[in-house]
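Asks: Let me begin by handing over the structure; questions about it come next.
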Amino acid sequence: LHNGLRWLFQRLRKELDTLSNKALRDKILEFRGVLSNLGPSNIRIFVRFITNGQTKEISDEFRQEIMAIRSDYDNDTFETFSIEAVGCDELNELSKVQERQTRRVDADLKVRYDANNPSLIKYYAQDLKGFVCSVPATEIARLVNENRDGAVFDMNIRRFLGMRGSVNKDIQNTCTNIELSYEFWFLNNGITVVCDHFDPVTDPDNPHVKLRNLQIVNGCQTATTLALAQISGKLAPDVRVLTRIYETQDRNLIDRIVLTTNNQNQISSRDLRANDPVQMDMEDGFKIYGYLYERKPRQFDDSKIDVTRLFTNEAVAQSYLSIVLKTPSDGRARKYKVWGELHSKIFWGGPVEPYIIASLLNRRASEWLRRSAYATGQIDSDRMIAKRGGFHIARIVAYLWRGNDEWKIDRSTLQEQIKELEKEPPVLIKYFDKAFKILKEIISGSDAYDGDLDRALKSASLDRDIDRSLYQIEKKSSFLISK
Numbered sequence: 005l006h007n008g009l010r011w012l013f014q015r016l017r018k019e020l021d022t023l024s025n026k027a028l029r030d031k032i033l034e035f036r037g038v039l040s041n042l043g044p045s046n047i048r049i050f051v052r053f054i055t056n057g058q059t060k061e062i063s064d065e066f067r068q069e070i071m072a073i074r075s076d077y078d079n080d081t082f083e084t085f086s087i088e089a090v091g092c093d094e095l096n097e098l099s100k101v102q103e104r105q106t107r108r109v110d111a112d113l114k115v116r117y118d119a120n121n122p123s124l125i126k127y128y129a130q131d132l133k134g135f136v137c138s139v140p141a142t143e144i145a146r147l148v149n150e151n152r153d154g155a156v157f158d159m160n161i162r163r164f165l166g167m168r169g170s171v172n173k174d175i176q177n178t179c180t181n182i183e184l185s186y187e188f189w190f191l192n193n194g195i196t197v198v199c200d201h202f203d204p205v206t207d208p209d210n211p212h213v214k215l216r217n218l219q220i221v222n223g224c225q226t227a228t229t230l231a232l233a234q235i236s237g238k239l240a241p242d243v244r245v246l247t248r249i250y251e252t253q254d255r256n257l258i259d260r261i262v263l264t265t266n267n268q269n270q271i272s273s274r275d276l277r278a279n280d281p282v283q284m285d286m287e288d289g290f291k292i293y294g295y296l297y298e299r300k301p302r303q304f305d306d307s308k309i310d311v312t313r314l315f316t317n318e319a320v321a322q323s324y325l326s327i328v329l330k331t332p333s334d335g336r337a338r339k340y341k342v343w344g345e346l347h348s349k350i351f352w353g354g355p356v357e358p359y360i361i362a363s364l365l366n367r368r369a370s371e372w373l374r375r376s377a378y379a380t381g382q383i384d385s386d387r388m389i390a391k392r393g394g395f396h397i398a399r400i401v402a403y404l405w406r407g408n409d410e411w412k413i414d415r416s417t418l419q420e421q422i423k424e425l426e427k428e429p430p431v432l433i434k435y436f437d438k439a440f441k442i443l444k445e446i447i448s449g450s451d452a453y454d455g456d457l458d459r460a461l462k463s464a465s466l467d468r469d470i471d472r473s474l475y476q477i478e479k480k481s482s483f484l485i486s487k
């Protein structure tokens with residue numbers, strides 16, 4: 005790259021004539037013509053080194069070469085000169101930006117405007133712009149109904165939760181009841197919109213606001229309920245919606261707006277993680293193998309899907325915690341840690357295959373336990389283990405089947421394991437009963453678990469006892485083989 009820049013900026017014309025790459029030579033001459041006409045001080049140079057490696061792992065030699073290039077050309081010759089390395093993480097983010105742009109939503113929304121009363125609020129702070137207005141509910145409903153692919157909610161941390169909760173039922177009742185509809189503006193928190201640009205038009209005959217590349221980041225429940233009411237023909241005509249609009253292209257600020265404005269329905273820690281880049285990557289990774297990864301609650305409710313191919317991010321995390329990280333007690337009893345102290349340990353950006361294997365293993369274990377004689381037998385301890393020991397059984401089966409606890413292995417091996425798990429009948433059948441008996445033997449053989457099986461299945465010491473038991477089995481097997 006450094007040598008190429010020398011050819012672009014420094015080589016003599018007679019040297020350029022010796023280039024065998026005629027297309028490159030012509031492009032260099034074309035650039036120099038522009039440089040001569042405009043002058044270097046009027047030109048901005050952007051140089052990008054593109055690689056599928058990771059920029060956080062670049063070598064010292066690479067950094068030194070970057071600094072050498074900057075020293076040669078970032079010397080006030082040009083208006084600006086910049087050189088940056090773009091690795092796999094940056095390419096991934098750029099592809100997501102491009103995908104978001106293909107789903108961009110532009111709209112003109114009518115607003116309530118009265119020249120004699122302060123009905124619109126504009127607010128400016130440094131480089132930020134805000135706009136507060138009242139929008140007819142019919143306009144919000146139209147916006148949602150015209151974008152049936154849900155693109156307008158791409159940056160919202162949740163999809164529509166349906167009418168099972170009391171909040172959405174109240175929204176529906178207020179916006180469809182002609183005796184209560186005038187109260188909607190006062191009772192509802194309204195919606196929050198972010199966009200690349202907004203432009204209020206205060207034409208008294210057609211007041212509206214032009215929005216470019218908009219997203220409803222708070223108010224999905226309100227907006228979708230209004231849209232459904234409009235479809236059913238029940239939306240009252242006098243409903244107005246308090247609407248806050250923010251103009252910014254700063255993704256960090258948008259993320260903060262999303263987190264701080266979502267407070268109408270209770271927001272869980274899982275909800276707040278829904279748009280994390282690692283969660284989006286997980287969704288893409290599962291898709292490669294034909295599985296659906298639900299990073300937002302009820303994300304696929306409106307789709308006709310094969311539920312046997314669906315895994316929630318919470319179930320995936322619990323399975324990974326139990327099997328790959330070998331802590332089934334946490335997977336079973338402390339899933340709140342998934343979205344708190346253990347989040348970065350579980351979702352660390354590694355290969356997706358272990359997550360799929362763990363999820364399939366746990367699902368197979370749960371299915372076997374439900375159908376097993378232990379679940380309906382006369383022995384209380386057996387029924388308790390069958391009901392609450394699924395993560396422990398899955399952890400043991402994983403070890404018996406794979407023969408070890410090593411997950412940082414060749415990806416092709418992990419891919420073969422996924423194929424094995426997808427076979428019917430399951431390859432794991434012969435391991436389940438043995439795993440059940442191992443777990444029962446560990447629990448019954450320790451006075452620490454006597455009398456309180458439920459507490460035992462929540463105990464971190466049981467995780468360690470399982471490890472010791474499995475490793476002893478491995479040593480005995482190795483000893484017999486060597487003999």
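Sequential numbering from 5 applies to the sequence shown in the numbering used here.
The C-beta atom is built at its ideal place from N, Cα and C for all residues, glycine as well.
Computed from a predicted structure; not experimentally measured.
DSSP state of Phe135, grouped into three classes?
Replies: Here the question's residue 135 lines up with position 131 in the sequence shown. The answer is strand: DSSP assigns Phe135 an E or B state.
Asks: What are the start and end residues of the beta strand (DSSP E) that includes Glu4?
Replies: Nothing about residue 4 can be read from this structure; the chain reaches only from 5 to 487.
Asks: Could you check whether Ile327 and Ala362 sit closer than 8 angstroms to each other, using their CB atoms as the reference points?
Replies: For the purposes of this step, residue 362 is taken as the residue at position 358 of the sequence shown. For the purposes of this step, residue 327 is taken as the residue at position 323 of the sequence shown. Against a cut-off of 8 angstroms, the Cβ pair of Ile327 and Ala362 comes out as a contact.
Asks: How long is the line joining the alpha carbons of Gly8 and Cys92, rounded to whole angstroms?
Replies: The residue given as residue 8 occupies position 4 in the sequence shown. The residue given as residue 92 occupies position 88 in the sequence shown. Approximately 23 angstroms between the Cα atoms of the pair.
Asks: Let me check understanding here. Comparing Cα to Cα, which of Thr228, Arg336, Arg248 and Leu124 lies closest to Leu165?
Replies: Position 161 of the sequence shown, counted from the first residue, corresponds to residue 165. Here the closest residue by C-alpha is Thr228.
Asks: In terms of residues, what are the limits of the beta strand (DSSP E) holding Pro358?
Replies: Here residue 358 refers to the residue found at position 354 when the sequence shown is read from its first residue. That residue, Pro358, is in no beta strand (DSSP E); its alpha helix (DSSP H) goes Glu357 to Arg375.
Asks: Would you grab the beta carbon distance between Thr206 and Tyr77 for me? Rounded to a whole angstrom, and I think it's under 8 angstroms.
Replies: Taking the first residue of the sequence shown as position 1, residue 206 is located at position 202. Taking the first residue of the sequence shown as position 1, residue 77 is located at position 73. The pair is not a contact, with the Cβ atoms about 49 angstroms apart (cut-off 8 angstroms).
Asks: Assign Pro140 to one of three DSSP states: helix, strand, or coil.
Replies: In the sequence shown, counting from the first residue as 1, residue 140 sits at position 136. Note: Pro140 maps to strand in three-state DSSP.
Asks: Grouping DSSP H, G and I as helix and E and B as strand, with all else coil, what is Glu3?
Replies: Because the chain spans 5 through 487 in this model, residue 3 falls outside it and cannot be assessed.
Asks: Taking only the alpha-carbon atoms, compute the straight-line gap between Met159 and Asp285 and give it to the nearest angstrom.
Replies: Stepping through the sequence shown from its first residue, residue 159 is reached at position 155. Stepping through the sequence shown from its first residue, residue 285 is reached at position 281. Rounded to whole angstroms, Met159 to Asp285 spans 15 angstroms at the Cα level.
Asks: Exposed or buried, Gln68, counting other C-beta atoms within 10 Å across all chains shown (16 or more means buried)?
Replies: Position 64 of the sequence shown, counting from 1, holds the residue named residue 68. Gln68 should be labelled exposed.
Asks: Is the beta carbon of Glu357 less than 8 angstroms from the beta carbon of Val342?
Replies: On the sequence shown, position 353 is the one that residue 357 refers to. On the sequence shown, position 338 is the one that residue 342 refers to. The answer is no: Cβ separation not under 8 angstroms.
Asks: From this set, Asn181, Ile447, Ile161 and Ile195, which residue's C-alpha is nearest Ser385's C-alpha?
Replies: Reading the sequence shown from its first residue, position 381 is the one you call residue 385. Taking only the C-alpha atoms, the option nearest Ser385 is Ile447.
Asks: If you draw a straight line from the C-alpha of Ala231 to the C-alpha of Lys339, how long is it?
Replies: Position 227 of the sequence shown, counting from 1, holds the residue named residue 231. Position 335 of the sequence shown, counting from 1, holds the residue named residue 339. Between Ala231 and Lys339, the C-alpha separation is close to 35 angstroms.
Asks: Could you give the C-beta distance for His212 and Asp112, rounded to a whole number, given that I count them as a contact under 8 angstroms?
Replies: Against the sequence shown, residue 212 aligns to sequence position 208. Against the sequence shown, residue 112 aligns to sequence position 108. Going by Cβ atoms, the distance from His212 to Asp112 rounds to 5 angstroms, so yes, they are a contact pair.
Asks: So what's Arg168 in DSSP terms, helix, strand or just coil?
Replies: Here residue 168 refers to the residue found at position 164 when the sequence shown is read from its first residue. Note: Arg168 maps to coil in three-state DSSP.
Asks: Alpha carbon to alpha carbon, how far is Glu150 from Gln219? Give it in angstroms, no decimals.
Replies: Position 215 of the sequence shown, counted from the start, is the residue given in the question as residue 219. Position 146 of the sequence shown, counted from the start, is the residue given in the question as residue 150. Whole-angstrom Cα-Cα distance: 14 angstroms.
Asks: Please state the DSSP three-state secondary structure of Lys330.
Replies: Counting from 1 along the sequence shown, the entry for residue 330 is found at position 326. Coil.
Asks: Which value, in whole angstroms, describes the spacing of the CA atoms of Leu184 and Gly455?
Replies: In the sequence shown, counting from the first residue as 1, residue 184 sits at position 180. In the sequence shown, counting from the first residue as 1, residue 455 sits at position 451. Distance between the alpha carbons of Leu184 and Gly455 is about 58 angstroms.
Asks: Is Val311 buried or exposed, if buried means 16 or more other CB atoms sit within 10 Å of its CB?
Replies: Counting from 1 along the sequence shown, the entry for residue 311 is found at position 307. Val311 should be labelled exposed.
Asks: Give the C-beta separation of Lys330 and Asp467 to the nearest angstrom, bearing in mind that I take them to be a contact with Cβ-Cβ under 8 angstroms.
Replies: For this step, residue 330 is matched to residue 326 along the sequence shown. For this step, residue 467 is matched to residue 463 along the sequence shown. Right, the Cβ-Cβ distance comes to about 6 angstroms (below 8 angstroms), so this counts as a contact.
Asks: Along the alpha helix (DSSP H) that carries Gln500, what are the first and last residues, could you check?
Replies: Any question about residue 500 goes unanswered here, given that the chain covers just 5 to 487.
Asks: Enumerate in chain order the residues of its own chain whose CB-to-CB distance from Pro44 is below 6 angstroms, with the five nearest sequence positions on each side excluded.
Replies: The residue given as residue 44 occupies position 40 in the sequence shown. Around Pro44: Thr81 and Phe82.
Asks: What does DSSP give as the partner residue(s) for Tyr127 in the beta ladder?
Replies: Counted from its first residue, the sequence shown places residue 127 at position 123. For Tyr127, which the question treats as bridged, DSSP gives the partners Gly134.
Asks: So Pro281 is in the alpha helix (DSSP H); what residue range does that whole segment cover?
Replies: For the purposes of this step, residue 281 is taken as residue 277 along the sequence shown, with counting starting at 1. Pro281 to Ile292 is the extent of the alpha helix (DSSP H) around Pro281.
Asks: Could you give the C-beta distance for Thr196 and Asn222, rounded to a whole number, given that I count them as a contact under 8 angstroms?
Replies: Within the sequence shown, numbered from 1, the residue matching residue 196 stands at position 192. Within the sequence shown, numbered from 1, the residue matching residue 222 stands at position 218. About 4 angstroms separates the two Cβ atoms, so the contact holds.
Asks: What residue range does the alpha helix (DSSP H) around Arg1 cover?
Replies: In the structure as shown, the chain begins at 5 and stops at 487. Residue 1 is therefore absent and cannot be evaluated.
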